Amino acid sequence: MIVAYFWKIEARAIPFALLAMALDRFVLRSSPNVGFFKSLGTGKGETFTPRDATSLRWGLIAEVSDIDIFDNSFVVKRWRKNSVHEFRAIMEPISAHGKWAGQEPFKPTIKDWNGQVIAVTRARIRWSQNLRFWRAVPPVTASLKSAPGLIAAIGIGEAPLGLQGTFSIWESPTALRDFAYRGDAHNAAIAATAKYTWYSEELFSRFAVKEIRGSINN
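First residue of the sequence shown? That's 2 in the numbering used here, and the numbers climb one at a time after it.
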């Protein structure tokens, strides 16, 4: 099972967040309950550019064997204690194409699904293509914000530059597919990706939403 957390914090908790981002990996790597995981910074969900980054919301996505054990783990409880709001999504992979840090972490476990879905994208942008990439973002952002069936979307990343992604929640698989393959702005970005080879690594994954707790927009 895949679980994603996003924690909203107050400014006084920023030192804790920075320290946790550096140290949580050692605790998570030693846990037999945890497989693939990534600690994440986030954006405000406004422009999806580096200027959108916020130090008041942080995230974690992980493959876990037991959700309840992980939800009561040291790492999660410490974030919970230092946050003012917690969002949690429990998900099952429907499809995944590409790699994340050289791994293929989200093996599909479900095929037929008509409920809410979550899309997670992640890309390692080639430094030579950064300027061209960011120039292409505004039209896609405008298209995303007006997309029928979008519930919420934020930017995610392991670093402010170079390692970029999105986390979006959709009413249905159809709504996500329509945005991904029928929108002019997104199709133009797909064509430019192929033409200019923006990414040295990329991943597009879809998940069935099994449970959501909290709001990602808080």
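The C-beta atom is built at its ideal place from N, Cα and C for all residues, glycine as well.
Small disclaimer: the values here were computed from a predicted structure and weren't measured.
Contact belief for residue i with residue j at Cβ below 8 Å, rounded distance in angstroms
i      : j      : result
Asn43  : Ile152 : Checking the sequence shown, residue 43 turns out to be Thr, not Asn. Not really, about 16 Å apart at Cβ, beyond 8 Å.
Arg127 : Trp101 : Rounded, the Cβ-Cβ distance is 16 Å, inconsistent with contact.
Phe1   : Phe88  : Because the chain is modelled from 2 through 219, residue 1 falls outside the range shown and cannot be assessed.
Val4   : Ala97  : Contact doesn't hold; Cβ gap of about 16 Å is too wide.
Ala176 : Pro149 : 6 Å
Ile95  : Pro109 : 6 Å
Simplified DSSP assignment, three categories, for residue i
i      : result
Ser144 : helix
Ala160 : coil
Ile10  : coil
Lys39  : strand
Ser169 : strand
Ile15  : helix
Asp113 : coil
Asn131 : helix
Under 8 Å between C-beta atoms of residue i and residue j
i      : j      : result
Gly118 : Phe208 : A small fix is needed here, since residue 118 is Val in this sequence, not Gly. Taking 8 Å as the Cβ cut-off, Val118 and Phe208 qualify as a contacting pair.
Lys9   : Arg58  : yes
Phe168 : Val121 : yes
Ser40  : Leu61  : yes
Ser56  : Ile15  : yes
Val77  : Leu29  : no
Arg1   : Ser201 : Given a span of 2 to 219 for the chain in the structure shown, any question on residue 1 remains unanswerable.
Phe27  : Asn83  : no
Val85  : Glu11  : yes
Pro67  : Asn34  : The sequence shown places Asp at residue 67, not Pro. Against a cut-off of 8 Å, the Cβ pair of Asn34 and Asp67 comes out as a contact.
Strand pairing of residue i, partner residues [DSSP]
i      : result
Lys211 : DSSP lists no partner for Lys211.
Val4   : Ala63, Ile91
Phe205 : His98, Thr122
Gln104 : Trp101
Tyr152 : Rather than Tyr, the amino acid found at residue 152 in this sequence is Ile. None; Ile152 has no bridge partner.
Tyr200 : Ile126
Gly44  : Ala54
Review point. At which residue ranges does the region 55–101 contain complete alpha helix (DSSP H) runs of 4 or more residues, listed in the order of the chain?
Key: Qualifying alpha helix (DSSP H) stretches, in chain order: 68–72, 75–82.
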